[in-house]
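Residue numbers (the numbering used here): 20 to 401.
All residues carry an ideal CB built from backbone N, CA and C; glycine is no exception.
Have a look at the structure below before the remarks.
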């Protein structure tokens with residue numbers, strides 16, 4: 020599969036590929052429309068719902084009035100799935116789910132769940148059990164990190180975590196920056212004019228796992244020659260643990276990356292430069308213009324005390340994390356990519372048994388419409 024950060028329709032090659040996919044998807048929608056019209060379906064279930072033939076199929080199902088759910092599997096050995104009702108999963112629309120708890124107060128038990136989650140994810144053992152291993156070591160101590168990254172004490176550090184260029188959850192999320200590249204370039208420009216602060220860019224580990232036509236580090240190497248001395252790039256192949264970097268930093272910078280939520284849940288003030296699903300929930304810094312963005316950076320990096328979230332902001336972050344990382348993870352027996360293995364673990368007769376129904380019954384009740392849900396991301400019924 021070709022993975023690219025942009026499509027240039029003036030390029031003969033890109034135009035040919037775009038025309039090919041347009042014809043293919045329109046043909047698919049035409050044939051699917053006939054199938055849907057001639058048969059009765061109760062539910063339309065499809066991966067992602069936003070890209071390639073998945074997006075074309077999902078859109079056709081919605082147009083023809085079907086109850087549609089798009090999904091993504093959680094990349095862990097546990098049987099978990101995320102659902103989005105009537106909207107592509109890539110939209111990550113959590114608004115209706117967030118509104119179901121207007122007070123957003125955290126119970127003691129929920130706080131303990133989040134604490135355990137943070138401790139697990141920070142360690143190396145957790146990543147040994149995941150389908151895609153994005154971290155290869157546990158977090159290092161701040162002193163060891165400073166030594167390995169050649170960072171001087173007393174300097175303010177901003178951690179920038181970009182999405183991969185092909186991440187479907189960053190599509191159509193631009194606001195005052197034209198693209199992820201525009202955001203990264205503009206931010207590096209800012210730090211080149213402020214050598215008293217350090218900028219650390221942690222390249223997405225998935226870049227090393229896929230055939231990307233252009234990696235962020237390669238682009239920066241061409242755009243800035245030489246790179247600013249206060250810019251430190253942590254490559255996607257680095258064994259430096261991302262969560263250790265968060266604890267060492269004073270400010271987080273993201274576009275729509277899930278790293279922004281992970282920074283916030285650890286108490287790190289985070290500036291969000293695009294329409295991330297967790298933005299605007301009361302615990303992130305959400306500028307509405309380039310000017311506000313750079314003013315936010317200036318303010319956070321120059322204030323006398325170390326910037327940190329207020330107690331209420333941290334509670335809101337943990338409430339959102341509990342909703343998104345716990346309540347929205349639904350039990351599901353058959354993981355994509357591991358179907359044969361999971362069918363051996365959970366054959367259909369076992370899923371339909373009392374044991375299976377106790378574990379997966381609510382998920383199938385959502386799929387069959389017996390539990391009604393509003394459009395957007397689906398949370399586990401309480």
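Item, Value
"Contacts around residue 178, its chain only, beta-carbon distance under 6 Å, and the 5 residues preceding and following it disregarded", "219, 264, 268, 271"
"Stretch pair the segment 100 to 111 + the segment 55 to 71: three plus CB contacts closer than 8 Å", "yes"
"Per-residue DSSP class, three states only, for residue 386", "helix"
"Proximity to residue 385 [Cα-Cα], best of 377, 398, 374, 373", "398"
"Distance, residue 85 Cα to residue 75 Cα", "14 Å"
"Residue span of the alpha helix (DSSP H) that contains residue 200, given as start and end", "199 to 211"
"For residue 34 and residue 212, the rounded distance between their alpha carbons", "39 Å"
"The segment 238 to 257 touching the segment 277 to 286, judged by at least three CB pairs closer than 8 Å", "no"
"Buried versus exposed, by CB contacts within 10 Å (16 or more), residue 202", "buried"
"Nearest-angstrom Cβ-Cβ length linking residue 332 and residue 302, presumed shorter than 8 Å", "4 Å"
"Inter-residue CB distance, residue 192 and residue 293 (contact presumed, cutoff 8 Å)", "4 Å"
"Residue 71 to residue 37 span [Cα, whole Å]", "11 Å"
"First and last residue of the uninterrupted beta strand (DSSP E) at residue 90", "87 to 92"
"Span of the alpha helix (DSSP H), counted from its first residue to its last, around residue 31", "31 to 57"
"For residue 174, three-class secondary structure by DSSP", "coil"
"Cβ-based neighbour list, residue 147, same chain, cut-off 6 Å, excluding 5 preceding and 5 following", "Residue placement at residue 147 is poorly supported in this model, since its pLDDT is 40, which falls under 50; the coordinates are not used for a value here."
"Simplified DSSP state of residue 217, which is helix, strand or coil", "strand"
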